[in-house]
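Read in order, the letters of the sequence shown are residues 0 to 156 in numbering that gives the first Met the number 0.
Glycine included, each C-beta is placed from N, C-alpha and C at the ideal position.
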Amino acid sequence: MKDIIEILCNEHRIIDEKIKQLDEFTNLKEIDLYQPLQEILQFLKNEITEKHHRRENEVLYTWMVEQNKNADTELINRIISEHNYIDKLIQECLNIMNKPQDNYIALKMKILDLTTSYKAHMEKEEKFIFQIANALKCSNRKSKELLNKLIKIPRKA
Ligand SMILES: [Fe+2]
Ligand SMILES: [Fe+2]
């Protein structure tokens with residue numbers, strides 16, 4: 000399971016860099032950086048919604064629940080509902096970007112919510128959930144099978 004956790008943590012570092020860039024926008028008075036802001040949000044949609052969350056949900060968290068249904072189901076359900084909340088926020092920010100001049104305050108609030116929520120989410124995963132995953136037994140064969148499944152998400156066209 001170490002390989003998978005390492006890949007997911009590396010993705011966190013890449014996402015974290017973008018989240019920090021996004022944080023800087025909430026300090027600006029005007030949205031005069033429309034283009035880079037839109038690019039960052041689109042990057043986050045691709046990296047988080049289309050890739051990272053799917054890798055966690057479809058591979059790691061699905062496997063964890065299979066291992067320990069009673070103990071982990073509630074925890075995993077909670078973390079997956081955080082994914083849904085974050086995905087929705089990213090999409091809402093992108094929607095507002097279509098006419099940011101009218102919705103500057105709303106956009107700023109949503110970006111703030113997004114950056115704050117995501118930092119807390121990644122910390123919870125790394126300090127808590129990934130530790131639980133690492134402690135669960137997993138055969139080499141199963142581990143390879145899961146890794147194989149993970150790297151195919153998202154499937155290239
Ligand atoms: Fe996550
Ligand atoms: Fe994550």
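Spatial neighbours of residue 91 within its chain, please: CB distance less than 8 Å, with the 5 preceding and 5 following residues excluded, ordered by chain position.
Cβ within range, chain order: 109.
Would you call residue 134 buried or exposed, if buried means 16 or more other Cβ atoms sit within 10 Å of its Cβ?
Answer is exposed; the Cβ neighbour count stays below 16.
For residue 78, verify whether its CB is less than 7 Å away from any heavy atom of ligand 1.
Yes.
Quick check: does the Cβ of residue 65 come within less than 7 Å of any heavy atom belonging to ligand 2?
No, Cβ of residue 65 sits at least 7 Å from all heavy atoms of ligand 2.
Report the rounded CA-to-CA distance for residue 244 versus residue 138, giving the unit in angstroms.
In this structure the chain extends from 0 to 156, so residue 244 is not present and cannot be described.
Does any heavy atom of ligand 1 sit closer than 7 Å to the C-beta of residue 73?
No; taking the cut-off as 7 Å, the Cβ of residue 73 has no heavy atom of ligand 1 nearer than that.
Under the criterion of a Cβ to heavy atom distance below 7 Å, does residue 49 qualify as lining ligand 1?
No.
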